[in-house]
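Numbering (our numbering), first residue to last: 5 to 104. All C-beta atoms in this analysis are idealised placements derived from N, C-alpha and C, irrespective of residue type, glycine included.
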Amino acid sequence: MNPIMMNAVIGGKRYKTETATLLASDAYWDGHNWERHGRNTFLFKTPRGNYFVQHQTCWQGERDTLEPLSQEEAIRLYEDLPEKEVPFEEAFPNVRVEDA
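What follows is the structure in structure tokens.
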């Protein structure tokens with residue numbers, strides 16, 4: 005499943021999937037389908053550096069949503085999502101990463 009084009013104004017800011025950069029997702033082919041139990045999650049970064057998540061569903065009665073995230077929330081979600089579209093340093097250029 006690929007992210008769908010959506011936009012929403014939340015807290016006075018417009019979030020648009022078509023102009024944002026996809027950072028990570030849980031959309032991967034498992035040999036049967038792309039959907040994880042009928043739902044997928046996509047993490048985006050806007051051109052102005054704001055982060056948001058798109059939740060997509062295949063289930064009747066549920067709606068696709070966009071939700072703004074803080075940088076800290078976006079980092080946690082990026083770490084949890086299995087499919088990375090861009091490296092961490094590109095997704096979070098102001099975050100210092102130390103060797104463990």
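Original post:
DSSP state of A28, grouped into three classes?
Top reply: strand
**OP:** In the DSSP assignment, find the beta strand (DSSP E) that holds A78 and state where it starts and stops.
**Re:** Not the beta strand (DSSP E): A78 falls in the alpha helix (DSSP H), residues Q75 to D84.
**OP:** May I have the straight-line CA-CA distance separating A12 from R18, to the nearest angstrom?
**Re:** 6 angstroms
**OP:** Please state whether DSSP places F92 in a helix, a strand or coil.
**Re:** helix
Subject >> Whole-angstrom distance between L26 and N6, CA atom to CA atom >> reply: 10 angstroms
**OP:** Would you decide whether Y32 is buried or exposed? Buried here means 16 or more other CB atoms lie within 10 Å of its CB.
**Re:** exposed
Original post:
Can you list, in chain order, the residues of its chain whose CB lies under 7 angstroms from that of K88, leaving out five sequence neighbours each side?
Top reply: A28
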